[in-house]
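Chains as they are written, first to last, in the working numbering: chain S, 1473 to 1670; chain A, 1473 to 1670. For glycine and all other residues, C-beta sits at the position ideal for the given N, C-alpha and C. To start, the structure under review is shown below, and the notes come after it.
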DNA sequence: GGATTAACTGACCGGTCGGTCAAATCATGC
DNA sequence: GCATGATTTGACCGACCGGTCAGTTAATCC
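This is the structure we're talking about:
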């Protein structure tokens, strides 16, 4: 594995576990077996590294979870239910491996950095929008199929995603992923602008 | 105003705006017009200061918002709607004053510190539970009055609160409090364990 | 083989971190 | 006036921060 990739992998794990401000460049280098000088051969700054981690590995994680949730074989609303299951499973796994429930990688970094680094904030904001659009497309399909009454699917998708972020923060706060399973089903009850009573 | 109080007030504002790891003891002291030595006369550590801020000013903020939401003159579910309104109003105000949407003070610090400081994590977890209990009591009242069908009010309260945390994270991510108003009404649609179709 | 460039090394930079401490100053009660 | 304890001061500590840089090594190309 090349140097740049080793740095990105170490950074991914350390940043997710302990956040940007609490992880030093030296620590990332040590974990990757790389000298500090080499770090700055591949990345212009610590911030540039963090952006690269967001763009590659954190996005990869989202792709992985989404591809296992948004299956054509499932009915639209079942895909959203599967998304909750897969988020739960991922949080449960990291809890098993690290002893800590770490929450959402994107949610963590944006909570920490939104007011301090506009580049990071807007990158996460764009990422969030994309996720919401995927959920919205699923809701549109559900409406078309008549599975749910017509509603404001854009707003409902944003609300559902906000709820999932809230759930992951709850799980991190309690250091217990089970809350995601216990409360996850409610994501399906969220509705904005429903045109008919349910 | 005495020295300890000045330190707490400076810490409250700085910690809320820029988070624990990104604010130094010296900066808090400078803002309060206090020497560093004096700081350690009143607080054993930076962590102790943060805990004191949580216990006093952040709790005070919550009390303030809740007392203006959970009014006996309002029907139970209207109180929850009022809670959303007051959260929105607070985020809008801080955005107006600081140019940034700062999100939930508790959510921010627990997102940053949950994996690094068990004392802080459990304090926030306990605080969250209390908030959920207040919401639950309101839901119980709504069920008793027949305003909503019976449901698992404990789980529903936790889910509603998670949603509110998610909304505040969204507002911070977009640096725009309006999302709280746009999506806030959906909190009333969240339901877990409803015994009858709505 | 010689030149060029990429990759890497490790010491070093100024500055900041949380925290300490002995001494000075202040307020209080007797 | 004097003693006592609370409060304040500001210099100081070692560790660490993100980042730099001159120089070495390794790979590539003509």
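(Q) At the level of alpha carbons, what is the spacing between residue 1563 of chain A and residue 1561 of chain S? (A) If you number the second chain from 1, residue 1563 of chain A lands on position 91. If you number the first chain from 1, residue 1561 of chain S lands on position 89. Here the C-alpha atom of residue 1563 of chain A lies approximately 33 angstroms from the C-alpha atom of residue 1561 of chain S.
Q) Should residue 1477 of chain S go down as buried or exposed, given a rule of 16 or more other Cβ atoms within 10 Å for buried? A) Taking the first chain and counting its residues from 1, the one referred to as residue 1477 of chain S is at position 5. An exposed status is given to residue 1477 of chain S, since fewer than 16 other beta-carbon atoms sit within 10 Å of its beta-carbon.
**Q.** Contact under 8 angstroms by Cβ, residue 1480 of chain A with residue 1512 of chain A
**A.** To locate residue 1480 of chain A, count along the second chain from 1; it is residue 8. To locate residue 1512 of chain A, count along the second chain from 1; it is residue 40. No; because the gap between Cβ atoms is not below 8 angstroms, this pair is not in contact.
Q | residue 1630 of chain S versus residue 1553 of chain S: straight-line alpha-carbon distance, rounded | A | Mapped onto the first chain, residue 1630 of chain S falls at position 158. Mapped onto the first chain, residue 1553 of chain S falls at position 81. If I take the Cα positions, the gap works out to 16 angstroms.
Q) Do you know how far the Cα of residue 1576 of chain A is from the Cα of residue 1649 of chain A? A) Here residue 1649 of chain A is taken as the residue at index 177 of the second chain, counted from 1. Here residue 1576 of chain A is taken as the residue at index 104 of the second chain, counted from 1. In this structure, the CA atom of residue 1649 of chain A is about 12 angstroms from the CA atom of residue 1576 of chain A.
Q: Would you kindly check if the distance between the Cβ of residue 1660 of chain S and the Cβ of residue 1549 of chain S is under 8 angstroms?
A: Looking up residue 1549 of chain S in the first chain gives position 77. Looking up residue 1660 of chain S in the first chain gives position 188. Yes, they are a contact pair.
Q: Please report how far the alpha carbon of residue 1609 of chain A lies from the alpha carbon of residue 1542 of chain A, in whole angstroms.
A: As a first step, residue 1609 of chain A is located in the second chain; it is residue number 137 there, counting from the start. As a first step, residue 1542 of chain A is located in the second chain; it is residue number 70 there, counting from the start. If I take the Cα positions, the gap works out to 11 angstroms.
Q. Whose CA, out of S:1525, S:1643 and S:1473, lies closest to the CA of residue 1594 of chain A?
A. If you number the second chain from 1, residue 1594 of chain A lands on position 122. The shortest Cα separation from residue 1594 of chain A among S:1525, S:1643 and S:1473 belongs to S:1643.
**Q.** Contact with chain S by residue 1569 of chain A, beta-carbon distance below 8 angstroms
**A.** Start at 1 with the first residue of the second chain, and residue 1569 of chain A comes out as number 97. Chain S contact via Cβ: absent.
Q. Unbroken alpha helix (DSSP H) runs of length 4 or more, entirely within the region 1550 to 1635 of chain A: which are they?
A. Here the runs fully enclosed are 1577 to 1585 and 1590 to 1617.
**Q.** Assumed close pair residue 1492 of chain S, residue 1635 of chain A - CB separation to whole angstroms, cut-off 8 angstroms
**A.** Reading the first chain from its first residue, position 20 is the one you call residue 1492 of chain S. Reading the second chain from its first residue, position 163 is the one you call residue 1635 of chain A. At roughly 26 angstroms, the Cβ-Cβ gap does not stay under 8 angstroms, so residue 1492 of chain S and residue 1635 of chain A are not in contact.
Q.
Quick check: is the beta carbon of residue 1642 of chain S nearer than 8 angstroms to any beta carbon in chain A?
A. One-based indexing of the first chain puts residue 1642 of chain S at position 170. Chain A contact via Cβ: present.
**Q.** Interface partners of residue 1657 of chain A on chain S, CB under 8 angstroms
**A.** As a position in the second chain, residue 1657 of chain A is number 185, starting the count at 1. At a beta-carbon threshold of 8 angstroms, the residues of chain S lying near residue 1657 of chain A are 1664, ordered along the chain.
(Q) Residues of chain S with CB closer than 9 angstroms to the CB of residue 1635 of chain A, please, in chain order. (A) On the second chain, position 163 is the one that residue 1635 of chain A refers to. Chain-ordered, the chain S residues with CB closer than 9 angstroms to the CB of residue 1635 of chain A read 1631, 1634, 1635, 1638, 1639, 1658 and 1662.
**Q.** C-beta contact flag for residue 1671 of chain S and residue 1574 of chain A at 8 angstroms
**A.** Shown here, chain S extends from 1473 to 1670; a query on residue 1671 of chain S therefore has no answer.
Q | Same chain only: Cβ atoms within 7 angstroms of residue 1558 of chain S, ignoring 5 sequence neighbours per side | A | Translated into the one-based positions of the first chain, residue 1558 of chain S becomes position 86. Once the five neighbours on either side are set aside, the close Cβ partners of residue 1558 of chain S are 1537, 1540 and 1541.
Q. Buried or exposed: residue 1583 of chain A, going by 16 or more other Cβ atoms within 10 Å of its Cβ?
A. The sequence position of residue 1583 of chain A within the second chain is 111, counting from 1. Around the beta carbon of residue 1583 of chain A, a 10 Å sphere encloses 16 or more other beta carbons of the protein chains shown; the residue is thus reported as buried.
**Q.** Cβ-based contacts, 8 angstroms cut-off: residues of the region 1509 to 1534 of chain A near chain S
**A.** Listed by position along the chain: nothing, the set is empty.
Q: Under 7 angstroms between beta-carbons, which chain A residues line up against residue 1419 of chain S? List them in chain order, please.
A: Nothing in the structure corresponds to residue 1419 of chain S, since chain S is present only between 1473 and 1670.
(Q) Given a cut-off of 8 angstroms on the beta-carbon distance, is the pair residue 1572 of chain S and residue 1624 of chain S in contact? (A) Taking the first residue of the first chain as position 1, residue 1572 of chain S is located at position 100. Taking the first residue of the first chain as position 1, residue 1624 of chain S is located at position 152. Contact flag unset, no.
Q | Whole-Å CB distance - residue 1652 of chain A paired with residue 1639 of chain A, under 8 angstroms assumed | A | Locating residue 1652 of chain A in the second chain gives position 180, counting from the first residue. Locating residue 1639 of chain A in the second chain gives position 167, counting from the first residue. Between the beta-carbon of residue 1652 of chain A and that of residue 1639 of chain A there is about 5 angstroms, and that keeps the pair under the 8 angstroms contact cut.
Q | Cross-chain neighbours of residue 1575 of chain S in chain A, by beta carbon under 7 angstroms | A | Counting from one through the first chain, the residue named residue 1575 of chain S turns up at place 103. Residues of chain A whose Cβ lies closer than 7 angstroms to the Cβ of residue 1575 of chain S are, in chain order, 1583.
Q: Along the alpha helix (DSSP H) that carries residue 1531 of chain A, what are the first and last residues, could you check?
A: As a first step, residue 1531 of chain A is located in the second chain; it is residue number 59 there, counting from the start. From DSSP, the alpha helix (DSSP H) with residue 1531 of chain A extends over 1531 to 1539.
Q) If contact means a Cβ-Cβ distance below 9 angstroms, which residues of the region 1489 to 1500 of chain A contact chain S? A) Listed in sequence order: 1489, 1490, 1491, 1492, 1493 and 1494.
Q: Give the residues from the region 1553 to 1567 of chain S that approach chain A closer than 9 angstroms (Cβ to any Cβ), ordered along the chain.
A: Within the region 1553 to 1567 of chain S, no residue has a Cβ that lies closer than 9 angstroms to any Cβ of chain A.
**Q.** Contact list for the region 1613 to 1624 of chain S against chain A, Cβ threshold 9 angstroms
**A.** Contact residues of the region 1613 to 1624 of chain S toward chain A are absent (C-beta to C-beta distance below 9 angstroms).
Q: Can you tell me the Cβ-Cβ gap for residue 1519 of chain A and residue 1589 of chain A, rounded? I've got them flagged as a contact below 8 angstroms.
A: Residue numbering aside, residue 1519 of chain A sits at position 47 when the second chain is read from its first letter. Residue numbering aside, residue 1589 of chain A sits at position 117 when the second chain is read from its first letter. Rounded, the Cβ-Cβ distance is 6 angstroms, consistent with contact.
Q) For residue 1526 of chain A, which of A:1485, A:1654 and A:1658 has the nearest alpha-carbon? A) The residue labelled residue 1526 of chain A in the question sits at position 54 within the second chain. When C-alpha distances from residue 1526 of chain A are compared across A:1485, A:1654 and A:1658, the shortest belongs to A:1485.
Q: Starting from residue 1596 of chain S, find everything on chain A with Cβ-Cβ shorter than 9 angstroms and list it in chain order.
A: Translated into positions along the first chain, residue 1596 of chain S becomes position 124. The CB of residue 1596 of chain S comes closer than 9 angstroms to the CB of 1645 in chain A, given here in chain order.
Q) What number of angstroms, rounded off, separates the C-alpha of residue 1612 of chain A from the C-alpha of residue 1601 of chain A? A) As a first step, residue 1612 of chain A is located in the second chain; it is residue number 140 there, counting from the start. As a first step, residue 1601 of chain A is located in the second chain; it is residue number 129 there, counting from the start. One C-alpha to the other measures close to 16 angstroms.
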